[in-house]
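Okay, so here's the structure we're looking at.
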Amino acid sequence: MTDRCAAKSAILGDRASFTLHFPFNPMQARRIARELALLSISQLPNKPEKLQDRDLKDLLQAAVRTLMTEVRETLEMASAELQRGNERLLKTELLREEIRASDAQRSVAMVKEAIEFTQSAINRLGMAVELPEMLQAAGQLNVQDYALDLVTKVARYQAEIDQTLTDSMVDWQLSRLARIDRDILRMAIAEICYLKTPPQVAVNEAVELAKRYSEADSYRFINGVLRRAIDQMKATRA
1 MTDRCAAKSA
11 ILGDRASFTL
21 HFPFNPMQAR
31 RIARELALLS
41 ISQLPNKPEK
51 LQDRDLKDLL
61 QAAVRTLMTE
71 VRETLEMASA
81 ELQRGNERLL
91 KTELLREEIR
101 ASDAQRSVAM
111 VKEAIEFTQS
121 AINRLGMAVE
131 LPEMLQAAGQ
141 LNVQDYALDL
151 VTKVARYQAE
161 IDQTLTDSMV
171 DWQLSRLARI
181 DRDILRMAIA
191 EICYLKTPPQ
201 VAVNEAVELA
211 KRYSEADSYR
221 FINGVLRRAI
231 DQMKATRA
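Per UniProt numbering, the sequence shown runs over residues 1 to 238.
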């Protein structure tokens, strides 16, 4: 999880671009809203008063910026891996050494990782292209309202939400988590505490978001933190 390339590969790799289909039901609409909120929250103001006049256009623009930033970063890493593989081969040739099996394997691995990064970037571009379809869905099923409400609740109650999460962590600090994991956790607590979402639903949806957008095993960590938070909230109310 500390390796930059491995982490980014886990975040952006092996994930097919989602496709939206009509007709939608309310549960699907909420899922689209959560995804839109997650993609846009890092690009929006963190002051509730500055979110009051935001609309679906702002959400979509913020989501596209997030996606395109990830595309650029991923392509940069793909380019770096190709460069490293090429330099390794050139160095071996200049030194007139035989290419050992281990050197060849490392070079192939670098090229393979570069290809995976590139595929991830292509998937991200596909998601950005599909955002207008999300706009159509939002107009039909109030995705805009729920996404904005969720983002606003996170901003308004962030101190309380962060305290709840901090109290539920074992040997971890909230500030040390990847931004995407913090946002997923904050959104889940906001849904439970301020949007009256059943805890099990909020946990399940957070886990699904983590599987799509975070590192390979982060969903287990997120599941554990949220379940401890729910238990502590129940104990407090008892």
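Beta carbons: idealized from backbone N, C-alpha and C, even for Gly.
| Item | Value |
| --- | --- |
| List the whole-angstrom C-beta distance separating Gln83 from Asp167, where the pair is believed to meet the contact cut-off of C-beta under 8 Å. | Incorrect: roughly 45 Å between the Cβ atoms, too far for contact. |
| Thinking just about the alpha-carbon of each residue, which of Tyr157, Val154, Thr164 and Met110 is nearest to the one in Arg228? | Thr164 |
| Kindly indicate which residue of Pro26, Ala147, Ala80 and Glu113 has the alpha-carbon position closest to the one of Gln52. | Ala147 |
| List the endpoints of the continuous alpha helix (DSSP H) containing Ala216. | Segment: none, Ala216 is in no alpha helix (DSSP H) and carries neither H nor E. |
| On the CB-based measure, 16 or more other CB atoms within 10 Å of its CB, does Arg30 come out buried or exposed? | buried |
| So is Met161 buried or exposed if we call it buried at 16+ other beta carbons inside 10 Å? | The amino acid occupying residue 161 in the given sequence is Ile; Met does not appear at that position. When all chains shown are included, Ile161 counts as buried. |
| Rounded to a whole number of angstroms, what is the C-alpha to C-alpha distance between Glu191 and Glu87? | 50 Å |
| Going by DSSP in three states, residue 239 sits in which element: helix, strand or coil? | Residue 239 cannot be examined here, being either before or after the span of the chain that is shown, 1 to 238. |
| With a cut-off of 8 Å on the beta carbons, I'd call Thr66 and Leu39 a contact; round off their distance for me. | 5 Å |
| DSSP three-state call for Gln43: helix, strand or coil? | coil |
| If we call anything under 7 Å between Cβ atoms a contact, is Ala155 one with Asn46? | yes |
| Just how far apart, CA to CA, sit Pro23 and Ala62? | Below a pLDDT of 50, predicted positions are generally treated as unreliable, and Pro23, at 49, falls in that range; no measurement from the model is reported. |
| Contact check, Ala188 vs Ala202 under 8 Å by CB: the rounded distance? | 5 Å |
| Tell me the DSSP secondary structure of Tyr194 in three-state form. | helix |
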